[in-house]
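Here is the structure we will look at, set down as structure tokens.
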Amino acid sequence: MMMTTVRAGGERVRKYILESVKGHPADISRDASAHFNISRQAVHRYLRQLVKEGSLAEKGTGKRKTYTLAPLIEWERTYLLANDLAEDVVWRNDISPALGELPENVKDIWQHGFTEMFNNVRDHSEASTVRVRIWKTAIDTQMLIADSGVGIFRKIKQALNLLDDRHAVFELYKGKLTTDPKNHSGEGIFFTSRMFDLYEIVSAGVFFSHRQGTEYDWIIQLSEQETLGTAVWLKLNNHSSNTVKKVFDQYTSGDADKGFTKTVVPVELAQYEADKLISRSQAKRVLARIELFKTVIFDFDKVPTIGQGFADEIFRVFANQHPDIALYPRNANAEVSQMIERVRTGAATEEPASATNTTSLLP
1 MMMTTVRAGG ERVRKYILES VKGHPADISR DASAHFNISR QAVHRYLRQL
51 VKEGSLAEKG TGKRKTYTLA PLIEWERTYL LANDLAEDVV WRNDISPALG
101 ELPENVKDIW QHGFTEMFNN VRDHSEASTV RVRIWKTAID TQMLIADSGV
151 GIFRKIKQAL NLLDDRHAVF ELYKGKLTTD PKNHSGEGIF FTSRMFDLYE
201 IVSAGVFFSH RQGTEYDWII QLSEQETLGT AVWLKLNNHS SNTVKKVFDQ
251 YTSGDADKGF TKTVVPVELA QYEADKLISR SQAKRVLARI ELFKTVIFDF
301 DKVPTIGQGF ADEIFRVFAN QHPDIALYPR NANAEVSQMI ERVRTGAATE
351 EPASATNTTS LLP
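Spelled out as structure tokens, the structure:
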């Protein structure tokens with residue numbers, strides 16, 4: 001790629017064009033002109049420069065010309081999962097060079113994410129091969145890590161004797177989940193998913209996604225068509241301000257020795273189709289492994305109502321049995337809040353008024 005020296009003002013225009021071109025490639029000239037109060041001719045000069053250096057690709061002519069981000073790097077390799085294939089060696093010899101130049105904090109996130117995901121494939125997937133693909137543009141980098149093994153959600157379901165693959169996703173969301181506790185902490189996927197702008201897993205017809213910058217960022221889609229193995233998709237802005245330390249600090253107590261102590265439980269995922277959250281059995285599924293944490297936020301977004309038994313099992317029975325664990329509801333509507341308060345009446349410790357909108361504990 002040809003490198004061009006530009007002044008600071010010009011660099012702002014270039015950055016705006018590159019970040020905007022994916023959303024409205026046909027209108028970029030008009031929008032950049034209005035945004036910076038410069039002529040369209042000036043914008044076109046920047047566009048031609050970006051095309052010449054390989055950052056943008058153009059299509060069409062005249063007023064119908066559109067622009068897209070051009071791939072700076074396209075890289076792919078398939079690995080045989082031999083016993084001596086170590087993720088740190090693959091990172092050092094292949095992946096790090098393939099990613100090219102990146103800021104140190106961004107490269108650190110890629111190292112953490114790749115090595116964690118590659119190690120999971122090697123140790124858990126029972127696959128014979130794994131394919132890694134990298135796409136890099138002037139704005140962001142994306143990576144696909146795909147195997148044809150048993151499938152992550154299915155393996156979790158079988159190992160923990162869960163109801164179905166959906167229940168496996170629910171447990172994965174909480175964190176500290178592993179099918180091999182002797183050799184793994186169960187924190188790899190949880191923290192990796194929170195370091196990247198976009199983190200997705202597709203396995204056996206189940207789609208699991210975390211997107212930074214949205215309030216409700218976990219999505220599940222069930223598909224009739226099953227996929228073999230597991231595919232993990234990672235995406236990160238090349239100039240992200242995120243760091244590995246920032247993400248770990250969000251879910252620790254401030255004392256490094258105490259480790260991973262906070263989690264968020266999306267209560268909606270405990271609902272199956274038209275079922276309402278009524279019973280104590282449902283509550284016990286929500287509470288599975290919660291004793292591993294010190295602070296738990298139950299997110300009631302999209303939960304219209306809960307039963308007395310469900311609320312009582314969480315906010316009175318479990319709370320009384322585990323007084324050292326702080327339980328906070330979040331995004332509860334008036335009906336759900338009323339039921340929670342009803343079962344908590346007389347409890348020694350009440351939730352702080354600000355807890356329902358807690359943000360400092362969230363990704």
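Quick note, in the numbering used here, the sequence shown goes up one by one and the last residue is 363. Every residue gets a Cβ at the ideal spot worked out from N, C-alpha and C, and that includes glycine.
Given a length threshold of 3 residues, each whole run of the beta strand (DSSP E) inside the stretch 54–123 is given here in chain order: 56–59, 66–69, 73–80. Inter-residue distance for Q338 and N320 is about 19 Å (C-alpha atoms, whole angstroms). Fewer than three beta-carbon pairs drawn from the stretch 148–160 and the stretch 83–99 are found closer than 8 Å, and the two stretches are therefore not classed as touching. Bounds of the alpha helix (DSSP H) holding E341 are 334–344.
Note on K262: 16 or more other CB atoms within 10 angstroms of its CB, so buried under the neighbour-count rule. In the DSSP annotation of this structure, K174 is not part of any beta strand (DSSP E); the continuous alpha helix (DSSP H) holding it starts and ends at 165–174. According to DSSP, residue pairing for S203 in a beta bridge involves V206. A buried status is given to S55, since no fewer than 16 other beta-carbon atoms sit within 10 Å of its beta-carbon. Contact annotation: the stretch 265–280 touches the stretch 291–303, with at least three C-beta pairs closer than 8 Å.
In the pairwise beta carbon analysis, the stretch 89–108 is classified as not touching the stretch 198–214: fewer than three pairs are separated by under 8 Å. Cβ-Cβ distances below 6 Å link L198 to R211, K235 in the same chain, with the five nearest sequence neighbours on each side left out; the list follows chain order. With 16 or more other Cβ atoms from the protein chains shown falling within 10 Å of its own Cβ, I109 counts as buried. By the CB criterion at 8 Å, K174 and V265 fall inside the cutoff. Residue pairing for D299: DSSP places it in a beta bridge opposite P266, R330. Exposed is the label assigned to K52, since fewer than 16 other Cβ atoms lie within 10 Å of its Cβ.
DSSP places T243 outside both helix and strand once states are collapsed to three, so it counts as coil.
Here DSSP, grouped into helix, strand and coil, assigns K136 to strand. Ranking H44, M195, I38, G60 by CA distance to the CA of G113 puts M195 first. Annotation for T192: the continuous alpha helix (DSSP H) segment containing it runs 188–195.
For V232, the uninterrupted beta strand (DSSP E) run begins and ends at 230–237, by DSSP. Straight across, the Cα-Cα distance linking N37 with R64 is about 23 Å. For G309, the enclosing alpha helix (DSSP H) has its first and last residue at 308–312.
Y46 sits away from V21, with the two beta carbons spaced by 8 Å or more. Around the CB of Q158, fewer than 16 other CB atoms lie within 10 Å, so the residue is classed as exposed. Under the three-state reduction of DSSP output, Q271 falls in the coil class, being neither helix nor strand.
Following the DSSP letters along the chain, one finds H322 in no alpha helix (DSSP H), marked with neither H nor E. Bounds of the alpha helix (DSSP H) holding L287 are 280–287. Distances from the CA of G307 to each of M143, S281, T137 were compared; the closest alpha carbon is that of S281. Judged by DSSP secondary structure, R154 falls within the alpha helix (DSSP H) whose first and last residues are 152–160.
N238 sits away from D123, with the two beta carbons spaced by 8 Å or more.
It is roughly 28 Å from the alpha-carbon of A34 to the alpha-carbon of P71.
D312 is positioned such that its CB atom lies no closer than 8 Å to that of V267. The three-state secondary structure of V13, taken from DSSP, is helix. Under the three-state reduction of DSSP, Q250 is assigned to helix.
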